[in-house]
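So for the sequence shown, the working numbering puts the first residue at 100; every next one is plus one.
All C-beta atoms, glycine included, are put in the ideal place defined by N, C-alpha and C.
Below: one structure, written as structure tokens.
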Amino acid sequence: MSGEPSAQEVTILLRAWGGGDRQALDRLTPLVYRELRQIAGRLMAGQRPNHTLQATALVNEAYVRLVDAHEASWQDRAHFFALCARAMRQILIDHARARASEKRGGGQVSIELDEALAAAPASEINLLELDDALKRLAALDARKSQVVELRFFGGLNLEETAEALKVSTKTVQRDWDLARAWLFGELSGNKPNG
Numbered sequence: 100m101s102g103e104p105s106a107q108e109v110t111i112l113l114r115a116w117g118g119g120d121r122q123a124l125d126r127l128t129p130l131v132y133r134e135l136r137q138i139a140g141r142l143m144a145g146q147r148p149n150h151t152l153q154a155t156a157l158v159n160e161a162y163v164r165l166v167d168a169h170e171a172s173w174q175d176r177a178h179f180f181a182l183c184a185r186a187m188r189q190i191l192i193d194h195a196r197a198r199a200s201e202k203r204g205g206g207q208v209s210i211e212l213d214e215a216l217a218a219a220p221a222s223e224i225n226l227l228e229l230d231d232a233l234k235r236l237a238a239l240d241a242r243k244s245q246v247v248e249l250r251f252f253g254g255l256n257l258e259e260t261a262e263a264l265k266v267s268t269k270t271v272q273r274d275w276d277l278a279r280a281w282l283f284g285e286l287s288g289n290k291p292n293g
């Protein structure tokens, strides 16, 4: 598509913004908004129908968090979208925790696991359980947890994930496959004994 911004254009604006150029942020916003909205749409697709957050609000809240971040040093476009995905994930988790605390035993927020994490026996996974499992995975292998975060929450493809993590696409594929299998075991209760 001719109207799509190049990765280089986005990276240049991100670095200018990180260097203190507020006008770069004004030029960047319309270039990245549609992709951020797509990430948020994927995350919200598996939420309950009456969720109080909508995809647009999720994008806006994540964007505000990132704009307010001091001393941002954006490496490139992939790094920016990875941090946006992480911010959106954290917003949803914060929202789920707040809702759960409002109702004793309530507020169990579920997300649908698409083919990204493998078909679990139940087609929905509790967002808080997934977050806890990702934290456990990060303690065992931080990069595998980052791969899941970038691919599942961020919607990045293998190449973009490899670029963000500065590893090969083969490494990302291997980490992705192992992380999915590990998460499947954690979330389905099929953990090995020990």
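Whole-number beta carbon distance between residue j and residue i, since they are thought to touch under 8 Å
| i | j | result |
| --- | --- | --- |
| Leu277 | Arg242 | Rounded, the Cβ-Cβ distance is 10 Å, inconsistent with contact. |
| Leu130 | Val158 | The pair is not a contact, with the Cβ atoms about 14 Å apart (cut-off 8 Å). |
| Ala154 | Met143 | 5 Å |
| Ile190 | Asp230 | No, Ile190 and Asp230 are not in contact; Cβ-Cβ is about 12 Å, not under 8 Å. |
| Ala295 | Glu108 | The structure shown does not extend to residue 295, since the chain spans only 100 to 293, so no value can be given for it. |
| Glu228 | Leu286 | 6 Å |
| Ala123 | Ala115 | 4 Å |
Nonlocal neighbours in the same chain, by C-beta distance under 7 Å from residue i, ignoring five residues either side
| i | result |
| --- | --- |
| Leu257 | Thr268, Val271, Gln272 |
| Thr110 | Asp175, Arg176 |
| Pro220 | At Pro220 the pLDDT is 34, less than 50, meaning the model places this residue with poor confidence; the figure from the coordinates comes in the next sentence. Ser287. |
| Arg141 | Gly254 |
Buried or exposed (CB count within 10 angstroms, at least 16 for buried), residue i
| i | result |
| --- | --- |
| Gly119 | exposed |
| Gln245 | buried |
| Gly253 | buried |
| Asp274 | buried |
| Leu255 | buried |
| Leu236 | buried |
| Thr151 | exposed |
| Leu239 | exposed |
| Ala139 | buried |
| Arg133 | exposed |
Residue interval of the alpha helix (DSSP H) (run including residue i)
| i | result |
| --- | --- |
| Trp281 | 268-287 |
| Leu249 | Counting along the chain, Leu249 falls outside any alpha helix (DSSP H), and DSSP gives it neither H nor E. |
| Pro104 | It is not in any alpha helix (DSSP H) - Pro104 carries neither H nor E in the DSSP assignment. |
| Asp230 | 226-239 |
| Asn256 | Here Asn256 belongs to no alpha helix (DSSP H), and DSSP marks it neither H nor E. |
| Thr151 | Taken as a continuous stretch (DSSP letters only), Thr151 belongs to no alpha helix (DSSP H), as it is neither H nor E. |
| Gly119 | Where Gly119 is concerned, there is no enclosing alpha helix (DSSP H), given that its DSSP letter is neither H nor E. |
Sequence-distant residues of its chain with Cβ nearer than 8 Å to residue i (five each side left out)
| i | result |
| --- | --- |
| Glu248 | Ala181, Ala184, Arg185, Arg188, Leu233 |
Same chain, Cβ closer than 6 Å to residue i, five either side skipped, listed in chain order
| i | result |
| --- | --- |
| Leu113 | Trp173, Phe179 |
| Glu259 | Ala177 |
Closer than 7 Å: residue i CB and nearest the ligand GDP heavy atom
| i | result |
| --- | --- |
| Gly288 | In the structure shown, the ligand GDP is absent, as is every other ligand, since no ligand is present at all. |
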